[in-house]
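What follows is a single structure, written as structure tokens, with notes after it.
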Amino acid sequence: MLLNNETVRKALDEIRALDETTTRETLTLCQIPAPSHQERKKAEYILKLFLEAGLLDVHMDEVWNVLGRWPGTGGGPTVMLAAHTDTVFPMETDVTVRKEGSRYYCPGINDDTHAVAEIMAVAKAMVKHDLHAKGDILFCANVCEEGLGDLKGVKHIFGHENDIDAFVSVDNPVTGGVVYTATGSRRYHVTFTGSGGHSFSDFGLPNPIHAMGRAIAAISEFQVLDLPKTTFNVGVVNGGTSVNTIASSASLLMDIRSDSDSELERLTEEFRRAIDQAVEDENRRWGPDQPPVKAEVEVKGIRPAGTQSPDYPIVTAAFEAARMLGIQPELRHESSTDANIPISMGIPAIAVGRGGREGGIHTTHEWFEPVEAWLGPQRDLLLVLLLAGLEGCVEPAITRPSGKPAVPAP
Ligand SMILES: [Zn+2]
Numbered sequence: 030m031l032l033n034n035e036t037v038r039k040a041l042d043e044i045r046a047l048d049e050t051t052t053r054e055t056l057t058l059c060q061i062p063a064p065s066h067q068e069r070k071k072a073e074y075i076l077k078l079f080l081e082a083g084l085l086d087v088h089m090d091e092v093w094n095v096l097g098r099w100p101g102t103g104g105g106p107t108v109m110l111a112a113h114t115d116t117v118f119p120m121e122t123d124v125t126v127r128k129e130g131s132r133y134y135c136p137g138i139n140d141d142t143h144a145v146a147e148i149m150a151v152a153k154a155m156v157k158h159d160l161h162a163k164g165d166i167l168f169c170a171n172v173c174e175e176g177l178g179d180l181k182g183v184k185h186i187f188g189h190e191n192d193i194d195a196f197v198s199v200d201n202p203v204t205g206g207v208v209y210t211a212t213g214s215r216r217y218h219v220t221f222t223g224s225g226g227h228s229f230s231d232f233g234l235p236n237p238i239h240a241m242g243r244a245i246a247a248i249s250e251f252q253v254l255d256l257p258k259t260t261f262n263v264g265v266v267n268g269g270t271s272v273n274t275i276a277s278s279a280s281l282l283m284d285i286r287s288d289s290d291s292e293l294e295r296l297t298e299e300f301r302r303a304i305d306q307a308v309e310d311e312n313r314r315w316g317p318d319q320p321p322v323k324a325e326v327e328v329k330g331i332r333p334a335g336t337q338s339p340d341y342p343i344v345t346a347a348f349e350a351a352r353m354l355g356i357q358p359e360l361r362h363e364s365s366t367d368a369n370i371p372i373s374m375g376i377p378a379i380a381v382g383r384g385g386r387e388g389g390i391h392t393t394h395e396w397f398e399p400v401e402a403w404l405g406p407q408r409d410l411l412l413v414l415l416l417a418g419l420e421g422c423v424e425p426a427i428t429r430p431s432g433k434p435a436v437p438a439p
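Reading the sequence shown from the start, the letters are residues 30 to 439 in this note's numbering.
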């Protein structure tokens with residue numbers, strides 16, 4: 030039992046003692062603007078924290094993910110504990126921290142900045158008390174989790190040769206929350222173009238806005254499954270210059286989501302057919318002698334889908350770790366996290382909740398209240414030990430796929 034192990038108890042106490050430091054680091058970090066693709070400054074600060082914590086092989090990769098390793102004693106799986114550095118807020122957003130009562134207000138303070146500070150507390154506690162799991166623990170502050178980032182950070186990590194057997198992202202508003210499914214998405218930008226002209230004197234030209242209207246009408250009739258949940262949405266339309274102009278261009282942004290890759294595939298094909306059909310119908314309406322309307326589809330984002338069972342060892346380990354600390358665990362159904370990428374590759378992965386109280390996620394009124402906030406990182410520590418194992422205490426919940434050599438003892 031982990032809680033009976035003296036070193037584990039010392040490390041848990043350390044995390045609690047570090048609570049004020051963790052809050053202070055959160056406040057420093059969230060005041061460094063870090064929209065997706067612009068996290069470099071924040072990443073450089075985090076790199077310093079990783080080095081100070083005493084992790085090994087600390088480095089920043091080509092896309093500004095910051096990584097550090099805490100070696101295992103051998104014979105266990107490699108577990109990555111991650112939090113993301115980017116926020117949804119543009120560079121010019123005011124990120125000055127404001128305190129009201131016991132709440133700190135700052136855009137991005139929780140999601141996912143507080144989680145970055147939390148995993149640092151885990152690292153410091155393991156280093157200080159020389160607590161090694163059986164497997165290596167890889168600490169990672171990764172870039173580009175949010176919408177426009179399109180999971181670039183984790184795609185980079187798992188797209189390269191890596192030795193990661195399980196992945197835990199700390200990225201949920203509910204401390205005991207466990208996200209275990211990966212909703213995939215496809216995002217497209219479609220531009221309809223035509224010659225354009227005067228609405229009266231050039232009447233008879235195929236019209237890009239009309240073509241787009243035909244496409245949206247067809248899209249709105251798409252049929253989808255309740256399970257696996259599959260959705261579609263035209264979220265933004267643009268185009269036209271004036272009421273008496275036949276527009277020369279119009280565009281739409283389309284979002285398709287599903288827990289099933291095959292449903293994503295099917296709906297994407299239906300979507301492309303709807304666009305082609307709309308263009309064909311609009312051009313036929315005005316005859317072959319007119320300059321035709323065309324449509325161009327641009328891919329804006331691809332997040333793969335994947336499902337895991339709620340009784341997978343990584344999920345039950347997260348429940349066990351929470352219960353050891355008296356935290357109520359719960360399955361959450363947030364759509365998409367950094368765990369999507371490993372899940373889609375068959376690597377066990379989850380996202381778990383941050384410590385403390387929080388609200389206003391993805392708004393400029395985002396707030397954090399450090400109430401028993403140490404429970405988050407304490408749970409993270411117990412979770413990585415359960416997954417990677419602890420010599421003489423617990424066997425790893427994650428088994429290394431056969432054929433993979435065990436990490437030699439340091
Ligand atoms: Zn997040």
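Glycine included, C-beta positions come from ideal geometry on N, C-alpha and C.
It should be emphasised that the depicted structure is a prediction, and the values quoted were computed from it without experimental measurement.
### Task
Compare the Cα-Cα distances from Leu-177 to each of Val-263, His-113, Gly-330, Ala-170 and report the closest residue.
As a working note, residue 177 is residue 148 in the sequence shown. Taking only the C-alpha atoms, the option nearest Leu-177 is Gly-330.
### Task
Round the Cβ separation of Ala-346 and Leu-412 to the nearest angstrom and send it over; I've been treating them as touching at under 8 Å.
Within the sequence shown, numbered from 1, the residue matching residue 346 stands at position 317. Within the sequence shown, numbered from 1, the residue matching residue 412 stands at position 383. Right, the Cβ-Cβ distance comes to about 6 Å (below 8 Å), so this counts as a contact.
### Query
Roughly how many whole angstroms lie between the Cα atoms of Ala-195 and Ala-426?
Looking up residue 195 in the sequence shown gives position 166. Looking up residue 426 in the sequence shown gives position 397. Cα to Cα, the separation comes out at about 10 Å.
#### Entry: Cβ-Cβ separation, Trp-99 to Ala-72 (assumed contact under 8 Å), whole Å
Locating residue 72 in the sequence shown gives position 43, where the first residue counts as 1. Locating residue 99 in the sequence shown gives position 70, where the first residue counts as 1. Not a contact, Cβ separation roughly 19 Å.
### Straight-line gap, Ala-146 to Ala-351 (C-alpha atoms, nearest Å)
By 1-based counting over the sequence shown, the position of residue 146 is 117. By 1-based counting over the sequence shown, the position of residue 351 is 322. Counting only the Cα atoms, Ala-351 lies some 19 Å from Ala-146.
### Query
So, Ala-150 versus Thr-51, is the Cβ gap smaller than 8 Å?
Translated into positions along the sequence shown, residue 150 becomes position 121. Translated into positions along the sequence shown, residue 51 becomes position 22. Between Ala-150 and Thr-51, the gap from beta carbon to beta carbon is short of 8 Å.
#### Entry: Cα-Cα separation between Ile-304 and Glu-327, rounded to whole angstroms
Taking the first residue of the sequence shown as position 1, residue 304 is located at position 275. Taking the first residue of the sequence shown as position 1, residue 327 is located at position 298. The C-alpha of Ile-304 lies about 12 Å from the C-alpha of Glu-327.
### Task
Taking only runs that begin and end inside the region 38-93, name each unbroken beta strand (DSSP E) of 3 or more residues, in chain order.
Fully enclosed beta strand (DSSP E) runs of 3 or longer: 85-89.
### Message
Contact between the region 106-123 and the region 356-364 is defined here as three or more beta-carbon pairs at a separation below 8 Å; is this criterion met?
### Response
Fewer than three Cβ pairs drawn from the region 106-123 and the region 356-364 lie within less than 8 Å of each other, which leaves the two stretches out of contact.
### Proximity winner among Gly-83, Asn-369, Lys-323, relative to Ala-211 (alpha-carbon distances)
Along the sequence shown, one-based indexing puts residue 211 at 182. For the residues Gly-83, Asn-369, Lys-323, the minimum Cα distance to Ala-211 belongs to Asn-369.
### Task
Following the continuous alpha helix (DSSP H) through Ile-331, name the residue where it begins and the one where it ends.
To locate residue 331, count along the sequence shown from 1; it is residue 302. Annotation: Ile-331 is outside any alpha helix (DSSP H); the continuous beta strand (DSSP E) that includes it extends over 323-332.
### Query
CA-CA distance, Ile-275 and Leu-282?
Counting from 1 along the sequence shown, the entry for residue 275 is found at position 246. Counting from 1 along the sequence shown, the entry for residue 282 is found at position 253. Straight-line spacing of the CA atoms in Ile-275 and Leu-282 works out to 21 Å.
### Query
Got a list of residues with beta-carbon closer than 5 Å to any non-hydrogen atom of ligand 1, in chain order?
Those residues, listed in chain order, are Asp-140, Asp-141, Asp-200.
### Euclidean distance between Cα positions of Gly-137 and His-227
By one-based count along the sequence shown, residue 137 stands at place 108. By one-based count along the sequence shown, residue 227 stands at place 198. The C-alpha of Gly-137 lies about 48 Å from the C-alpha of His-227.
### Task
Kindly indicate which three-state DSSP category Phe-196 falls into: helix, strand or coil?
Stepping through the sequence shown from its first residue, residue 196 is reached at position 167. Of the three classes helix, strand and coil, the one that applies to Phe-196 here is strand, per DSSP.
### Message
Among Ala-63, His-66, Gly-164, whose alpha-carbon lies nearest the alpha-carbon of Val-423?
### Response
Translated into the one-based positions of the sequence shown, residue 423 becomes position 394. By alpha-carbon distance to Val-423, the top candidate from Ala-63, His-66, Gly-164 is Gly-164.
### Message
What would DSSP say about Ile-379, mapped onto helix, strand or coil?
### Response
Residue numbering aside, residue 379 sits at position 350 when the sequence shown is read from its first letter. The three-state reading of DSSP puts Ile-379 in strand, counting E and B together.
#### Entry: Through-space distance from Phe-229 to Val-272, alpha-carbon basis
As a first step, residue 272 must be located in the sequence shown, where it is residue number 243. As a first step, residue 229 must be located in the sequence shown, where it is residue number 200. In this structure, the straight-line span from the alpha carbon of Val-272 to that of Phe-229 is close to 11 Å.
### Query
Excluding five sequence neighbours on each side, which residues of the same chain lie with their C-beta closer than 6 Å to the C-beta of Arg-69?
Start at 1 with the first residue of the sequence shown, and residue 69 comes out as number 40. The residues Trp-93, in chain order, have a CB closer than 6 Å to that of Arg-69 in the same chain once the five nearest residues on each side in sequence are set aside.
### Query
Hey, quick one: how far does the beta strand (DSSP E) through Trp-440 stretch, first residue to last?
Outside the shown range of the chain, which is 30 to 439, sits residue 440, and nothing can be said about it.
### Task
With DSSP as the reference, label His-113 as helix, strand or coil.
For this step, residue 113 is matched to residue 84 along the sequence shown. When DSSP states are grouped into helix, strand and coil, His-113 belongs to the strand group.
### CA nearest to the CA of Pro-202, picked from Gly-269, Ile-193, His-362
Position 173 of the sequence shown, counted from the start, is the residue given in the question as residue 202. Nearest of Gly-269, Ile-193, His-362 to Pro-202, Cα basis: His-362.
### Leu-254 - containing alpha helix (DSSP H), residue span
In the sequence shown, the residue the question calls residue 254 occupies position 225. Counting along the chain, Leu-254 sits inside no alpha helix (DSSP H), nor does DSSP assign it H or E at all.
### Message
Let me check one thing: in DSSP terms, what residues is Val-266 bridge-paired to?
### Response
Translated into positions along the sequence shown, residue 266 becomes position 237. Val-266 pairs with Leu-281.
### Message
Three Cβ pairs or more, each shorter than 8 Å: is that satisfied between the region 278-294 and the region 249-262?
### Response
By the Cβ rule, the region 278-294 counts as touching the region 249-262, because three or more pairs are nearer than 8 Å.
### Message
Could you check whether Trp-396 and Arg-132 sit closer than 8 Å to each other, using their CB atoms as the reference points?
### Response
As a working mapping, residue 132 is identified with position 103 in the sequence shown. As a working mapping, residue 396 is identified with position 367 in the sequence shown. Going by C-beta atoms, Arg-132 is nearer than 8 Å to Trp-396.
#### Entry: Top-ranked residue by Cα proximity to Pro-342, from Leu-414, Thr-122, Phe-168
The residue you call residue 342 lines up with position 313 of the sequence shown. Ranked by how close their Cα comes to the Cα of Pro-342, the residues Leu-414, Thr-122, Phe-168 have Leu-414 in first place.
### Nonlocal neighbours in the same chain, by C-beta distance under 6 Å from Ile-44, ignoring five residues either side
Taking the sequence shown and counting its residues from 1, one reaches residue 44 at position 15. The residues are Ala-150, Ala-154, Trp-403, Pro-406, Gln-407.
### Query
From this set, Ser-224, Leu-32, Phe-300, Ser-65, which residue's C-alpha is nearest Met-120's C-alpha?
Here residue 120 refers to the residue found at position 91 when the sequence shown is read from its first residue. By alpha-carbon distance to Met-120, the top candidate from Ser-224, Leu-32, Phe-300, Ser-65 is Ser-65.
### Integer Cβ distance of Gly-213 from Ala-334, believed to fall under 8 Å
One-based indexing of the sequence shown puts residue 213 at position 184. One-based indexing of the sequence shown puts residue 334 at position 305. So it is a contact: roughly 3 Å between Cβ atoms.
### Task
Would you tell me roughly how many angstroms separate the C-alpha atoms of Phe-118 and Glu-398, rounded to the nearest one?
Sequence index remark: in the sequence shown, residue 118 carries index 89 (1-based). Sequence index remark: in the sequence shown, residue 398 carries index 369 (1-based). Within the model, the alpha-carbon separation for Phe-118 versus Glu-398 is close to 20 Å.
### Message
Once the 5 residues before and after Leu-76 are set aside, which same chain residues still bring their CB inside 6 Å of it?
### Response
Looking up residue 76 in the sequence shown gives position 47. Closer than 6 Å at the Cβ level, and outside the excluded window around Leu-76, lie Met-89, Val-95.
#### Entry: Straight-line gap, Asp-86 to Val-207 (C-alpha atoms, nearest Å)
Position 57 of the sequence shown holds residue 86. Position 178 of the sequence shown holds residue 207. Roughly 29 Å separates the two Cα atoms.
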